[in-house]
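K.L.:
Here the sequence shown is numbered in full-length UniProt numbering, starting from 1 and rising by one per residue.
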Amino acid sequence: MFSLAIANEVAPKHQHSPGLTMTLRDQSGPTAIGPRPSPLSDAGCRTLHANVGALPLNIAVLIPKTISIFSNQEKKAWLTLNCWSVCYVLKILGSTYIVGTDPRLKQMPPSIFGKRMALLFDSLLVDATVALISLITLLYFYFEHKFTYWKKRGVPFVKPLPFVGNFKDVLLQRRSPSHFFEDIYKKGRGKPLIGFYIFGKPSVVIRDPAIVKNVLVKDFNVFSDRHIECDPKTDPLGHQNLFVIKGQPWKNLRGKITPVFTSGKMRRVFPLISDCAVNLKRYIHDLGDYGKERHVEVKETMAKFTTDVISSCAFGIKANSLKDPNAEFRNFGRLAFVLSFRRAFEFTVLFFLPKLVPLGRFSFFSAATAEYFRKVLWDVIKAREKTPSERNDLIDLLIQLKNKGFIQDDEVVKMNGGLSKDESTEKLVATPWLPKQQCSSRRVLKLTPPPSPSVCTNWPFPLTSRLKTLRKYTPFAFLERVCSKDYLEPVTGTELPFIISLHGLHKDPEYFPEPERFDPERFSEENKRSITPYTYLPFGEGPHNCIGSRFGLLVVKCSLAYILADYEVDKCSDTPVPIQFSDKAIVLTSTTGIPLIFRRVAGASDK
Numbered sequence: 001m002f003s004l005a006i007a008n009e010v011a012p013k014h015q016h017s018p019g020l021t022m023t024l025r026d027q028s029g030p031t032a033i034g035p036r037p038s039p040l041s042d043a044g045c046r047t048l049h050a051n052v053g054a055l056p057l058n059i060a061v062l063i064p065k066t067i068s069i070f071s072n073q074e075k076k077a078w079l080t081l082n083c084w085s086v087c088y089v090l091k092i093l094g095s096t097y098i099v100g101t102d103p104r105l106k107q108m109p110p111s112i113f114g115k116r117m118a119l120l121f122d123s124l125l126v127d128a129t130v131a132l133i134s135l136i137t138l139l140y141f142y143f144e145h146k147f148t149y150w151k152k153r154g155v156p157f158v159k160p161l162p163f164v165g166n167f168k169d170v171l172l173q174r175r176s177p178s179h180f181f182e183d184i185y186k187k188g189r190g191k192p193l194i195g196f197y198i199f200g201k202p203s204v205v206i207r208d209p210a211i212v213k214n215v216l217v218k219d220f221n222v223f224s225d226r227h228i229e230c231d232p233k234t235d236p237l238g239h240q241n242l243f244v245i246k247g248q249p250w251k252n253l254r255g256k257i258t259p260v261f262t263s264g265k266m267r268r269v270f271p272l273i274s275d276c277a278v279n280l281k282r283y284i285h286d287l288g289d290y291g292k293e294r295h296v297e298v299k300e301t302m303a304k305f306t307t308d309v310i311s312s313c314a315f316g317i318k319a320n321s322l323k324d325p326n327a328e329f330r331n332f333g334r335l336a337f338v339l340s341f342r343r344a345f346e347f348t349v350l351f352f353l354p355k356l357v358p359l360g361r362f363s364f365f366s367a368a369t370a371e372y373f374r375k376v377l378w379d380v381i382k383a384r385e386k387t388p389s390e391r392n393d394l395i396d397l398l399i400q401l402k403n404k405g406f407i408q409d410d411e412v413v414k415m416n417g418g419l420s421k422d423e424s425t426e427k428l429v430a431t432p433w434l435p436k437q438q439c440s441s442r443r444v445l446k447l448t449p450p451p452s453p454s455v456c457t458n459w460p461f462p463l464t465s466r467l468k469t470l471r472k473y474t475p476f477a478f479l480e481r482v483c484s485k486d487y488l489e490p491v492t493g494t495e496l497p498f499i500i501s502l503h504g505l506h507k508d509p510e511y512f513p514e515p516e517r518f519d520p521e522r523f524s525e526e527n528k529r530s531i532t533p534y535t536y537l538p539f540g541e542g543p544h545n546c547i548g549s550r551f552g553l554l555v556v557k558c559s560l561a562y563i564l565a566d567y568e569v570d571k572c573s574d575t576p577v578p579i580q581f582s583d584k585a586i587v588l589t590s591t592t593g594i595p596l597i598f599r600r601v602a603g604a605s606d607k
């Protein structure tokens, strides 16, 4: 016995439309159909012509024997349901569905209905549109709830946009992160801090130097980690980099690498830096005839010079970037930080959306770059272990630490990973604006040729020049820390990003009057004492400060010593004023080259 229970009568206008035919087989007795029973033929195989396209809402079929569902168009059975199967034929807002417990229902193709099956409407496109609108609506209210974080706490904040918060311009690469945080800093004028949102994530820019000191130094135990994250599976070199690594592993690695960058160790690598500086002077000399001006594109030239210094001091090889335009080490170093939409987006995710890192295989170093530097480093280490070297470079120092058991094999790679990046600061960019200092420095350098570690260490001009340059053109112009526990009422919440805008502080007229003016005396010994503490932080401050700042300053002094001894540096008609910077780069990078004129001075060496 079987029964077909119909909730409502079939609308006449649909009775003859094409669809499915249900053929019911039963040997045992009469059939009950609809609101009143009506007998069918006593034949063993009974056919009920029920157009599925015409069936009303909520048709339930209870089957003690078998039921076959035929396609009227293709004249074959698509499905035969077994004994005691239950299926529902549903008609919802004009679309028809057959659902039930039998797994074979999933195999029925949409073509048996003569049209595509949809969930709510006849068209999948309409269904998808409704679903998308519903999702957007839900997300809108979700983010609106998130955007009440600062308002509830009475903290001044920048009004966010739906979904993206205040991060739209960075996401679209219309504004670099450094300049974005500077903009946020300026909007909080007169306030100690100002809130904003990275999508739905509440974040805060600190403006008060006293709070800056607390975050970087006094309360370092609360702010010991950076916000950046790298996936250890897809980017092991980036994950183990001193700039990225967190917690106790960072503390251990930092403690082991610090002795490598002491003043004494820097004196040992000075001859290697000096050799690279000599090559730089020869490179500039070969650009023109004796007595004539040299037009030098400083940005690319100094990038090549820095690559040679890093390859020699940190990797123990000669890259020869100044001599070979296709130098392999230079090409891989450039590849690591090439400015493209994808790489810019990758760095944005790494720094500001770290929870997305495992989902998209985002990496600090590309796989090819990481593999190249790892191979170069291990080849040098193996060669040094077989044949000891007396280069006194950083590789020798790290091998000595390894042999004494202070560090492990893989930690050598970790320590050098961060040194493979390009130096983006145009070291000579400030020099044309300081002609008097060039002359006085040249007189000092003529007394003690060639430059020595002591001369470079005590030479004041490069230091003041460097300080002035770094105030206006800070390479990495923001510091970010993550709050590990509730801190600073009413600004509470774990994993809350705290941002310190270095461009904001360095260009704040409250701390540096006429911030856009290049003042040679701003960092003189007398005036340095009047600078408000924790308003000038080009190398960071506290335990997380830049570990290579002493090394970088020595490189700058040595290169300038060799150049200024023979050349006067000046602007030319093509020198961009002001310098324009990329909106894609995390690190401050000019969008064009920086051409300068190098004029040979009387008594300049021909070597």
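All C-beta atoms in this analysis are idealised placements derived from N, C-alpha and C, irrespective of residue type, glycine included.
Can you give me the C-alpha to C-alpha distance between Gly247 and Ser224, rounded to a whole angstrom?
P.N.:
As a working note, residue 247 is residue 247 in the sequence shown. As a working note, residue 224 is residue 224 in the sequence shown. Cα to Cα, Gly247 sits roughly 7 Å from Ser224.
K.L.:
What ranges does the alpha helix (DSSP H) occupy inside the segment 304-384, keeping only unbroken runs of at least 4 residues that lie completely in it?
P.N.:
Counting only runs of 4 or more, we get 328-336, 341-352 and 357-360.
K.L.:
Check whether the Cβ atoms of Leu350 and Ile228 sit closer than 7 Å, and answer yes or no.
P.N.:
The residue you call residue 350 lines up with position 350 of the sequence shown. The residue you call residue 228 lines up with position 228 of the sequence shown. Cβ distance < 7 Å, so Leu350 and Ile228 count as in contact.
K.L.:
First and last residue of the beta strand (DSSP E) that includes Cys483?
P.N.:
Within the sequence shown, residue 483 is the residue found at index 483, counting from 1. Cys483 -> beta strand (DSSP E) spans Phe478 to Cys483.
K.L.:
Gln438: buried (16+ other C-beta within 10 angstroms of its C-beta) or exposed?
P.N.:
Residue 438 sits at position 438 when you count from the first residue of the sequence shown. With 16 or more other Cβ atoms within 10 Å, it is buried.
K.L.:
Fully enclosed by the segment 141-212, which alpha helix (DSSP H) runs are 4 residues long or longer?
P.N.:
Fully enclosed alpha helix (DSSP H) runs of 4 or longer: 149-152, 168-171 and 177-187.
K.L.:
Could you give the distance in angstroms between the alpha-carbon of Asn326 and the alpha-carbon of Ala319?
P.N.:
Taking the first residue of the sequence shown as 1, we reach residue 326 at position 326. Taking the first residue of the sequence shown as 1, we reach residue 319 at position 319. Rounded to the nearest angstrom, the two C-alpha atoms are 10 Å apart.
K.L.:
Ordered along the chain, which non-local residues of its own chain (more than five positions away) have a Cβ less than 7 Å from that of Arg466?
P.N.:
Position 466 of the sequence shown, counted from the start, is the residue given in the question as residue 466. These residues qualify, in order along the chain: Leu553 and Val556.
K.L.:
Name the one or two DSSP bridge partners that Arg600 has.
P.N.:
Stepping through the sequence shown from its first residue, residue 600 is reached at position 600. In DSSP, Arg600 forms a bridge with Tyr567.
K.L.:
Is Lys468 buried or exposed, if buried means 16 or more other CB atoms sit within 10 Å of its CB?
P.N.:
In the sequence shown, residue 468 corresponds to position 468, counting from 1. Lys468 is buried by the Cβ-count criterion.
K.L.:
How should Ser605 be labelled, buried or exposed, when 16 other C-beta atoms within 10 angstroms of its C-beta is the threshold for buried?
P.N.:
Here the question's residue 605 lines up with position 605 in the sequence shown. Classification of Ser605: exposed, given that the 10 Å Cβ count is below 16.
K.L.:
For Leu93, count neighbouring Cβ atoms within 10 angstroms of its own Cβ and tell me buried if that reaches 16, exposed if not.
P.N.:
To locate residue 93, count along the sequence shown from 1; it is residue 93. Note on Leu93: pLDDT 44, under 50, position unreliable in the model; no value is reported.
K.L.:
Check whether the segment 282-302 and the segment 249-262 are in contact - that is, three or more C-beta pairs closer than 8 Å.
P.N.:
Verdict: no, contact absent.
K.L.:
Can you check DSSP and say which residues form a bridge with Arg294?
P.N.:
Here residue 294 refers to the residue found at position 294 of the sequence shown. Looking at the DSSP assignment, Arg294 forms a beta bridge with Phe598.
K.L.:
On the CB-based measure, 16 or more other CB atoms within 10 Å of its CB, does Glu510 come out buried or exposed?
P.N.:
For the purposes of this step, residue 510 is identified with residue 510 of the sequence shown, where counting begins at 1. Exposed, by the Cβ-count rule.
K.L.:
Using the Cα positions of His179 and Phe476, report the straight-line distance between them to the nearest angstrom.
P.N.:
Within the sequence shown, numbered from 1, the residue matching residue 179 stands at position 179. Within the sequence shown, numbered from 1, the residue matching residue 476 stands at position 476. Taking the straight line from one Cα to the other gives about 11 Å.
K.L.:
Less than 7 Å separating the beta-carbons of Thr307 and Gly333?
P.N.:
The count along the sequence shown starts at 1 and reaches residue 307 at position 307. The count along the sequence shown starts at 1 and reaches residue 333 at position 333. In contact: Thr307 and Gly333 (Cβ atoms closer than 7 Å).
K.L.:
Please state the DSSP three-state secondary structure of Phe270.
P.N.:
Counting from one through the sequence shown, the residue named residue 270 turns up at place 270. Phe270 falls in the helix class under three-state DSSP.
K.L.:
With distances taken between CB atoms, is the gap from Pro156 to Lys186 smaller than 7 Å?
P.N.:
Numbered from its first residue, the sequence shown carries residue 156 at position 156. Numbered from its first residue, the sequence shown carries residue 186 at position 186. No, these two residues do not count as a Cβ contact at 7 Å.
K.L.:
Taking Arg189 as the reference, which of Gly504, Ile245 and Glu328 has the closest Cα?
P.N.:
Here residue 189 corresponds to residue number 189 of the sequence shown, with the count starting at 1. Answer by Cα proximity: Gly504.
K.L.:
Just to confirm, are Ile499 and Val205 a CB contact at a threshold of 7 Å?
P.N.:
Locating residue 499 in the sequence shown gives position 499, where the first residue counts as 1. Locating residue 205 in the sequence shown gives position 205, where the first residue counts as 1. Cβ distance < 7 Å, so Ile499 and Val205 count as in contact.
K.L.:
Look at the alpha carbon of Lys218 and the alpha carbon of Ala210, and state the distance between them as a whole number of angstroms.
P.N.:
Counting from 1 along the sequence shown, the entry for residue 218 is found at position 218. Counting from 1 along the sequence shown, the entry for residue 210 is found at position 210. Taking the straight line joining both Cα atoms gives about 10 Å.
K.L.:
Per DSSP, Leu496 forms a beta bridge with which residues?
P.N.:
Counting from 1 along the sequence shown, the entry for residue 496 is found at position 496. Beta-bridge pairing links Leu496 to Cys483.
K.L.:
Counting beta carbon pairs with one atom in the segment 354-364 and one in the segment 279-289, are three or more of them shorter than 8 Å?
P.N.:
Contact fails: fewer than three Cβ-Cβ distances are below 8 Å.
K.L.:
Measuring CB to CB, does Asn241 end up less than 7 Å from Tyr197?
P.N.:
Locating residue 241 in the sequence shown gives position 241, counting from the first residue. Locating residue 197 in the sequence shown gives position 197, counting from the first residue. Against a cut-off of 7 Å, the Cβ pair of Tyr197 and Asn241 comes out as no contact.
K.L.:
What residues in its chain sit with their C-beta under 6 Å from that of Lys507, if we drop five residues either side in the sequence?
P.N.:
In the sequence shown, residue 507 corresponds to position 507, counting from 1. Excluding sequence neighbours, Lys507 sits near Pro515.
K.L.:
Going along the chain, which residues of its own chain have a beta-carbon closer than 8 Å to the beta-carbon of Pro595, five neighbours each way excluded?
P.N.:
Numbered from 1 along the sequence shown, position 595 holds the residue referred to as residue 595. Contacts found: His295, Val296, Glu297, Val298, Cys572, Asp574 and Thr575.
K.L.:
Starting from Asp396, trace the alpha helix (DSSP H) both ways and give me its first and last residue.
P.N.:
On the sequence shown, residue 396 is found 396 positions in, with the first residue counted as 1. Taken as a continuous stretch (DSSP letters only), the alpha helix (DSSP H) holding Asp396 covers Leu394 to Asn403.
K.L.:
Work out the CA separation of Leu139 and Val130 for me, nearest whole Å.
P.N.:
As a first step, residue 130 is located in the sequence shown; it is residue number 130 there, counting from the start. As a first step, residue 139 is located in the sequence shown; it is residue number 139 there, counting from the start. So the two alpha carbons sit approximately 14 Å from each other.
K.L.:
Where does Val338 land, buried or exposed, given buried means 16+ other C-beta within 10 angstroms?
P.N.:
Here residue 338 is taken as the residue at index 338 of the sequence shown, counted from 1. So Val338 counts as exposed.
K.L.:
What are the start and end residues of the alpha helix (DSSP H) that includes Gly238?
P.N.:
Within the sequence shown, residue 238 is the residue found at index 238, counting from 1. Start and end: Pro236 to His239.
K.L.:
If you count every other CB in all the chains shown that lies within 10 Å of the CB of Tyr372, and 16 or more means buried, which is it?
P.N.:
The residue given as residue 372 occupies position 372 in the sequence shown. Per the 10 Å Cβ criterion, buried.
K.L.:
Below 8 Å, how does it come out for the segment 265-272 and the segment 381-397: are there three or more Cβ pairs, yes or no?
P.N.:
Flag = yes, the segment 265-272 and the segment 381-397 touch.
K.L.:
For Ser134 and Gly548, what's the separation of their Cα atoms in angstroms?
P.N.:
Position 134 of the sequence shown, counted from the first residue, corresponds to residue 134. Position 548 of the sequence shown, counted from the first residue, corresponds to residue 548. Computed Cα separation, rounded: 52 Å.
K.L.:
Note down the Cα distance separating Phe551 from Asp169, rounded to an integer number of angstroms.
P.N.:
Counting from 1 along the sequence shown, the entry for residue 551 is found at position 551. Counting from 1 along the sequence shown, the entry for residue 169 is found at position 169. Distance between the alpha carbons of Phe551 and Asp169: 35 Å.
K.L.:
When we look at the beta-carbon of Trp378 and count the other beta-carbons within 10 Å, is it buried (16 or more) or exposed?
P.N.:
Here residue 378 is taken as the residue at index 378 of the sequence shown, counted from 1. Looking at its Cβ environment, which holds fewer than 16 other Cβ atoms inside 10 Å, Trp378 is exposed.
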